[in-house]
Amino acid sequence: MRQRKNLAVLAVFALALTACGGTTKSSTEGQNTAAPETTAAKADPNAPLKEGLKIAYLPKQLNNPYTDVEVGGGKVAVDEIKGTYKLVGPNDASASSQVSYINTLIQQQQDVIAVAANDSNAVCPSLNQARKAGIKVVTFDSDASKACRDVFINQATTQGIGESLVKMASELAGGSGEIAVLSATPNATNQNSWIEVMKTELAKPANAKLKLVKVAYGNDDDQKSFTEAQGLLQTYPNLKVIVSPTTVGIAAASRYVSASSYKGKVAITGLGLPNQMRKYVKDGTVKKFALWNPADIGYLAAYAGAALSSGQITGAEGEKFKAGKLGEYTVGADGEIVLGPPTEFTPENIDKFNF
Ligand code: RAM
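When you line the sequence shown up against mature numbering (1 follows the signal peptide of the UniProt record, and there is no 0), it's residues -21 to -1, 1 to 334, in that order.
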């Protein structure tokens, strides 16, 4: 169901499966922003992986160390499959910042756009135009609406991430007291879905003594996140834990707390890059946090895009494809492909990780 091929492509379906990359695109047919016509295309798991695919990455923002690791993994995979790698993107993660980039990628006739959406809907009209033009759309890290992408590479299950954030907060708070969330932008699909799970978890009797006092937004901007962390600590003197489900937020909050009188009194946890967090773990500011390897997300996105472009998968549940060194993956419900479980980092294991 997720697969949407335009009719012209379907007419030459048999040919297209064996054709070289880039031959399956038609012009963008006006400004129609609706989802492309759907026709149940059939996946051919044995179709050869096309070479020469043009695979473009459009992350949430460029000036974020997390992005660098993510797209670094993407480049490795694109090289492995002998494609052409491209990276474009805004410097801020605001809602509408990605649209003009998508339009340019359509004009350039990319084969695959791999995008981490800053807003689930703002990117939709352009992404559907891309799909009408035969470009496969893979979201990764932060999903767009299901109606405008073929598959979504989720870093771990949304449920699992939300649960592990609450579990770490509860352990650090000793099971009771005030906690606050320092998130990314208010529109971020990924952070918002994790926070939803957190709220459901916090509503359970086991967490009745934990109180979420505030969700603040640092917009994945280092300075704004730093100021928001400071504000939380001043406004809520009984705060026990700041949970920051963003690598930018957790690093900024840790930097603030490590040099303040709150160090050792208020815990910081959430999702962070081991290389950015190492010094705060070593100086005792941070006792535990979690993440996956962002490089693997970028890597998996390239293989998923290539599998779509080559006709090995259409994005329907149950389809399987091979993702190089990561092995075989299966498309889940709603076109979701889950990378794997997150890793929890502590003083004991942090030195084993280098990203
Ligand atoms: C930030 C971004 C990204 C998120 C990570 C955990 O770098 O918000 O989207 O997945 O944190």
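The C-beta atom is built at its ideal place from N, Cα and C for all residues, glycine as well.
Just so you know, these numbers come straight off a predicted model, no measurement behind them.
Asked	Found
Boundaries (first-last residue) of the beta strand (DSSP E) holding Thr322	322 to 324
Rounded Cβ spacing between Ala26 and Ser223 (contact assumed at less than 8 Å)	That belief does not hold up - the Cβ atoms of Ala26 and Ser223 are roughly 43 Å apart, past 8 Å.
Rounded straight-line distance, which links the Cα of Leu144 to that of Thr2	Per-residue confidence for Thr2 stands at a pLDDT of 28, beneath the threshold of 50, marking its modelled position as unreliable; the derived number appears in the next sentence. Roughly 45 Å separates the two Cα atoms.
According to DSSP, residues forming a beta bridge with Ile132	Phe119, Ile316
Tyr241 at chain B interface by Cβ criterion, 8 Å	Absence of chain B from the displayed structure is noted, only one protein chain being present.
Beta-carbon proximity check, Tyr278 vs Ala135, cutoff 8 Å	no
Residue environment, Lys61, which counts as buried when at least 16 other CB atoms sit within 10 Å	exposed
Sequence-distant residues of its chain with Cβ nearer than 6 Å to Gly249 (five each side left out)	Val222, Ser223, Pro224, Ile229, Phe268
Close Cβ partners of Asp201 (< 8 Å) along its chain, the five nearest in sequence each way excluded	Val227, Ala230, Ala231
Gly197 versus Asn97, Gly243, Pro165, Gly251, residue with shortest Cα-Cα distance	Pro165
Sufficient close CB pairs (3 or more, under 8 Å) joining the segment 251 to 264 to the segment 119 to 134	no
Residue from Gly113, Asp90, Glu323 with nearest C-alpha to Trp271	Glu323
Opposing strand residues paired with Thr309 [DSSP bridges]	Lys299
Member of Val94, Phe300, Lys54 whose CA lies at the smallest distance from the CA of Leu28	Phe300
Helix, strand or coil at Glu157 [DSSP, three-state]	strand
Member of Val265, Tyr308, Gly251 whose CA lies at the smallest distance from the CA of Ser237	Val265
Given Asp313 as reference, the closest of Asp23, Lys125, Tyr80, Asp71 once Cα atoms are compared	Lys125
Buried or exposed by the 16-neighbour rule on C-beta atoms within 10 Å, applied to Asn186	buried
Alpha-carbon spacing of Val310 relative to Pro326, whole angstroms	35 Å
Residues near Val67 by beta carbon distance below 8 Å, same chain, minus five either side	Ala35, Tyr36, Leu37, Tyr80, Thr83, Leu84
Own chain, CB closer than 7 Å to Glu180, minus 5 neighbours either side, in chain order	Gly141, Glu142, Val145, Asn186
Cutoff 8 Å; reference Asp58; Cβ partners in own chain excluding five residues on either side	Tyr64
Between the CA atoms of Pro184 and Ala280 - distance to the nearest angstrom	38 Å
Buried versus exposed, by CB contacts within 10 Å (16 or more), Gln213	exposed
Any non-hydrogen atom of the ligand RAM within 7 Å of Asn70 CB	no
Reference Gly251, options Gly319, Ser240, Ser233, Gly263, closest by Cα	Ser233
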